[in-house]
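Structure record follows, encoded as structure tokens.
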Amino acid sequence: MATVKMNKTGLFVALALAAFGLSACQSDDKPGASHGSGKSASLRAMEQVTIAAHKCWIASKDPAFKGYSLANELNSFSGTPRFLLVPKNNYGGKPLLVVQASGHSSRVEVFGPLMQESLGARIGSDIARWQGGSGDCSAST
């Protein structure tokens with residue numbers, strides 16, 4: 002039987018290749034993962050809510066939201082896809098509303114100063130409707 006001498010670099014490379022090989026054998030059955038799309042439940046939920054919010058609040062030029070811009074942060078590497086409402090044309094401004102879903106959950110969380118104002122009730126009902134699968138801009142349609 003032959004013996005193989007390996008330096009530290011060679012050992013590191015061999016271990017890295019072994020770990021890569023093992024990870025390739027693992028199943029993709031992660032909680033909340035969408036088979037085929039690779040999207041988490043939180044990302045799927047937030048895509049749906051963000052599209053509706055943009056369509057209904059921003060693109061429609063709804064007067065209640067005329068002073069705000071939607072800052073999309075769906076491609077977050079933190080596992081928390083979200084969007085923010087910030088002062089109009091000030092994407093770096095202090096968020097007035099945060100709408101997010103965390104980890105593998107499809108539950109959408111909404112918080113920020115706007116939720117304490119008269120617009121808060123409408124925001125809450127819109128988000129709940131959109132999270133439930135409707136893309137309608139108002140509860141009456």
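For what it's worth, our numbering labels the leading residue of the sequence shown as 2, then goes sequentially. Ideal Cβ placement from N, Cα and C applies to all residues, glycine included. Nothing here was measured: the structure is a model prediction, and the numbers come from that model.
*So, helix, strand or coil for V50, using DSSP?*
helix
*So what does N73 bridge to, in DSSP terms?*
N73 is bridged to F84.
*Let me know if Y69 comes out buried or exposed under the rule of 16 or more other beta-carbons within 10 Å of its beta-carbon.*
With 16 or more Cβ atoms within 10 Å of its Cβ, Y69 is classed as buried.
*Looking at C-alpha atoms only, which residue of S119, S106, G93, F66 is the closest neighbour of E74?*
Looking only at S119, S106, G93, F66, the smallest Cα-Cα distance to E74 is reached by G93.
*Alpha-carbon spacing of P64 relative to F78, whole angstroms*: 33 Å
*Out of R123, G136, I128, state which residue places its alpha-carbon closest to the alpha-carbon of F152.*
Given a span of 2 to 142 for the chain in the structure shown, any question on residue 152 remains unanswerable.
_Nearest to L97 (by Cα), restricted to the options V109, S103, H105, L71_ = L71
*In angstroms with no decimal places, state the Cα-to-Cα distance between S61 and G104.*
If you draw a straight line from the Cα of S61 to the Cα of G104, it is about 31 Å long.
*asked:* Please classify Q132 as buried or exposed, where buried requires at least 16 other C-beta atoms within 10 Å of its C-beta.
replied: Buried, because 16 or more other Cβ atoms sit within 10 Å of the Cβ of Q132.
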